[in-house]
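Step one of this worksheet: look at the structure below.
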Amino acid sequence: MFTFLVSLFTMFAAPTGLATAPAPIAPVAASRQLDWLGGIWRGGGLEMKCGPTKQGVMCSEEGTSAAMQGAKAELTFDTLGDRAVLELALPSIPPSRFTEVARDAQSVTFEMPTKAGTARLRFTRTGDALKVERGSAKGWVSAMEYQRG
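In my numbering, the protein residues as written are 1410 to 1558.
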């Protein structure tokens, strides 16, 4: 996922301006709506550990394969009123802040304005599988698949 997330930022420039108005979201505590993300997820030589915090969910990821050894990423899902905010911190890339724009039972979509348009990330859980997609307002460009374990 580290390589996946780094590629998101090579595709888009640094954030600028204001985001378009997000879609309405039901007024339920965002942290409770992200409980399904908790656990250990593995895929593509990476291991992501997600657990609850006082404000939401914290995920940290690092490389487990020889090719990804030492790769690290931290994702923090915090509440912003009735929406979640995804704070993404990667080595050598400025911290980024995505705001939740859509959510259902086990999926959440985030957006961040950039010079090139809108960057999007979507997390979707189906049973013991977690899919993380990246893209723009034009569509989803790529996806990373994880398995619980």
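Every residue, glycine too, gets a C-beta built ideally from N, C-alpha and C. This structure is a prediction, so every number in the text was calculated from the model and none was measured.
Please find out if some non-hydrogen atom of the ligand MN comes closer than 7 Å to the beta-carbon of residue i.
i: arginine 1506; result: Ligands displayed in this structure: none; no statement on the ligand MN is therefore possible.
Classify residue i: buried if its beta carbon has 16 or more other beta carbons within 10 angstroms, exposed otherwise.
i: alanine 1482; result: buried
i: arginine 1512; result: buried
i: aspartate 1444; result: exposed
i: glycine 1548; result: exposed
i: arginine 1557; result: exposed
i: glutamate 1554; result: exposed
i: alanine 1475; result: exposed
i: glycine 1452; result: buried
i: threonine 1462; result: exposed
i: aspartate 1371; result: The requested residue 1371 is not part of the displayed model; the chain covers only 1410 to 1558.
Give a yes or no on whether the minimum CB-CB distance between residue i and chain B is below 8 Å.
i: glycine 1460; result: Any reference to chain B falls outside this structure, which holds one protein chain only.
Pick helix, strand or coil for residue i, following the three-state DSSP scheme.
i: aspartate 1487; result: strand
i: aspartate 1444; result: helix
i: glutamine 1478; result: strand
i: proline 1500; result: coil
i: alanine 1546; result: coil
i: glycine 1452; result: strand
i: glycine 1558; result: coil
At which residues does the beta strand (DSSP E) containing residue i begin and terminate?
i: lysine 1458; result: 1455-1461
i: glutamine 1464; result: Where glutamine 1464 is concerned, there is no enclosing beta strand (DSSP E), given that its DSSP letter is neither H nor E.
On the three-pair Cβ rule with 8 Å, is the region 1465-1479 touching the region 1506-1521?
no
Where in the region 1506-1538 do unbroken runs of the beta strand (DSSP E), each at least 3 residues long, occur, reported from the N-terminal end onward?
1516-1523 and 1526-1535
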